[in-house]
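Participant: Under our numbering, residues 582 to 1003 are what the sequence shown spells out, in order. Sending over a structure as structure tokens; questions will come in a sec.
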Amino acid sequence: MNNIKKSQLFWASCLALLVTSLSFGIRAGILGKLGTDFQLTATELGTITATAFWGFPLAVVIGGFIVDAIGMKRLLVMAFIFHLLGIVLTIFAQGYWTLFISTLLIGIANGTVEAACNPLVATIYPDNKTTKLNHFHLWFPGGIFLGTLIVILFNSIGLSWQIQVAIMIVPTLVYGYLFSKLDFPVTERVASGVSTATMYKSVTSPLFIFMFICMFGTAITELFTGQWIDVLLKNVTDNAILILTLTTGVMVIGRGLAEPIVHRFSPQGVLLISAILAALGLYLLSTLTGNAIYFAAFIFGLGVCYFWPTMLGFVAENIPKSGALGLNLMGGAGMFAVSVYTIFMGGFYDRLILKKLPAGANEADYLSAAPGTEMANLLNEAKNAAGPEVLQATLVIPIILVVAFTGLVIYMKNKKKEALTH
């Protein structure tokens, strides 16, 4: 395959990932508005948000099993259809269930994009997988960055959340058109002649299982925090979505500069440094106030910047026989963990709020209270106090990752020594 065709496939993949990430950024920005418009509790908002993370692992894992058989192109046509349906249904949502179904469809589309595009990038750049996966995945924070800017801009000029969601139709139509015109290679695993049995055996190896479990933590640290930031940090700033804008801006630049960093520190070294910075950033986000919160967002952005693509890159480079299935099981593990955690923490957040309201209070009564009334003010104060506590509870996850990745660095160092002596 020549460089022009590689480049066309790579940039079309980036555009498809842009739609995926725009859905995250815009949804994070309108989450509070959806809660107000449809009188949804934090638990209901958490369940709606989680459906995107359910749809993703469902699609990415099924895609991992069938991509070698049906080809990457057919998967991406399916992603296009699901994206279009999900976006249109969101625009015309009437309440909880239509939001639930539309968000699930978008989640399925997002997972299908990654099910095809992660192995596609690894296939067309076999000698530079971690770096190119970082370059590809910079479009994820890039889209969230653009999505949050769209929310801020459209809110300031008084445009509805429906119009904000409709913006996603444009890049969806463009990537659907591009992929329909391009020719795709077979996956790297098929091209190299690695058997299906060997692929299945590779995803049961101890190293893969270890990385699979670590993916739970890296995904939750990055994606749960990002998706809920506007809800959880309203106590610190009237425009908490700006924190997500800054965080994702840092991630775009960091992933763009991935090549020298990955080569200098190795994928496992990058993961250890990331976990340390993510833990520090999450602690600062939950404790700092005023303008200092933006410093916390910067540190957190540096921390989560390399998590997702470097986890995939590590598996692609060190367990290559796991093929497309290995990459997609990793992505599915991350999103599934976020979906479960989001529902759990939505309920935890509701319980924290109730504890901070007067004894015997019913949250539903407070949610329906008119703005400016005593009940509405008490609810806002309870939410403001509860948000940072949710972040502090989440802090334990990157701390565990620091220990896990320290072990990984030592293991890979010893493995390299053994290889050199033999």
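No residue lacks a Cβ here, since even glycine has one placed at the ideal position from N, Cα and C.
Considering only their Cβ atoms, is the gap separating I647 from A690 smaller than 9 Å?
Facilitator: Taking the first residue of the sequence shown as position 1, residue 690 is located at position 109. Taking the first residue of the sequence shown as position 1, residue 647 is located at position 66. Cβ atoms of A690 and I647: not closer than 9 Å.
Participant: How is P722 classed by DSSP in three states: helix, strand or coil?
Facilitator: Residue numbering aside, residue 722 sits at position 141 when the sequence shown is read from its first letter. Here P722 sits in helix by DSSP.
Participant: Roughly how many angstroms separate the alpha carbons of L701 and M653, rounded to a whole number?
Facilitator: On the sequence shown, position 120 is the one that residue 701 refers to. On the sequence shown, position 72 is the one that residue 653 refers to. Each residue's Cα considered, the two are about 7 Å apart.
Participant: Is the beta carbon of L680 sitting closer than 9 Å to the one on A674?
Facilitator: Residue 680 sits at position 99 when you count from the first residue of the sequence shown. Residue 674 sits at position 93 when you count from the first residue of the sequence shown. Their beta carbons are under 9 Å apart, which means L680 touches A674 by this criterion.
Participant: Can L933 and A985 be called in contact, C-beta distance under 9 Å?
Facilitator: As a working mapping, residue 933 is identified with position 352 in the sequence shown. As a working mapping, residue 985 is identified with position 404 in the sequence shown. No, the pair does not count as a contact, with Cβ atoms beyond the cut-off.
Participant: Can you list, in chain order, the residues of its chain with a C-beta nearer than 8 Å to that of I748? Leave out the 5 residues immediately preceding and following it.
Facilitator: If you number the sequence shown from 1, residue 748 lands on position 167. Hits under 8 Å: L603, I607 and I731.
Participant: Hey, quick one: how far does the alpha helix (DSSP H) through S773 stretch, first residue to last?
Facilitator: To locate residue 773, count along the sequence shown from 1; it is residue 192. Neither: S773 is in no alpha helix (DSSP H) and is coded neither H nor E.
Participant: To the nearest whole angstrom, what separates the beta carbons of G688 and F760, a pair I think is in contact under 8 Å?
Facilitator: Locating residue 688 in the sequence shown gives position 107, counting from the first residue. Locating residue 760 in the sequence shown gives position 179, counting from the first residue. G688 to F760, Cβ: 20 Å. No contact.
Participant: Do you know offhand how far A856's Cα is from Y992's?
Facilitator: Position 275 of the sequence shown, counted from the first residue, corresponds to residue 856. Position 411 of the sequence shown, counted from the first residue, corresponds to residue 992. In a straight line, the C-alpha of A856 is about 17 Å away from that of Y992.
Participant: For F895, which three-state DSSP category applies?
Facilitator: Taking the sequence shown and counting its residues from 1, one reaches residue 895 at position 314. F895 falls in the helix class under three-state DSSP.
Participant: Three-state secondary structure (DSSP) at I738?
Facilitator: For the purposes of this step, residue 738 is taken as residue 157 along the sequence shown, with counting starting at 1. Coil, per DSSP.
Participant: As a quick exercise: from V767, Y887, S903 and I794, pick the residue whose alpha carbon is nearest that of K587.
Facilitator: By one-based count along the sequence shown, residue 587 stands at place 6. Taking only the C-alpha atoms, the option nearest K587 is V767.
Participant: At 4 residues or longer, and completely inside the stretch 941 to 977: list those alpha helix (DSSP H) runs for me, N to C.
Facilitator: 944 to 948 and 955 to 975, all fully within the stretch 941 to 977.
Participant: Grab the span of the alpha helix (DSSP H) containing C886 for me, first residue to last.
Facilitator: Residue 886 sits at position 305 when you count from the first residue of the sequence shown. Per DSSP, C886 belongs to no alpha helix (DSSP H) and is neither H nor E.
Participant: For the stretch 970 to 978 and the stretch 946 to 961, state whether three or more C-beta atom pairs, one from each stretch, are separated by less than 8 Å.
Facilitator: Too few Cβ pairs lie closer than 8 Å, so no.
Participant: Could you give the distance in angstroms between the alpha-carbon of L863 and the alpha-carbon of L740?
Facilitator: Looking up residue 863 in the sequence shown gives position 282. Looking up residue 740 in the sequence shown gives position 159. Taking the straight line from one Cα to the other gives about 32 Å.
Participant: Check for me: the alpha helix (DSSP H) holding I748 runs from which residue to which?
Facilitator: Counting from 1 along the sequence shown, the entry for residue 748 is found at position 167. Here I748 belongs to no alpha helix (DSSP H), and DSSP marks it neither H nor E.
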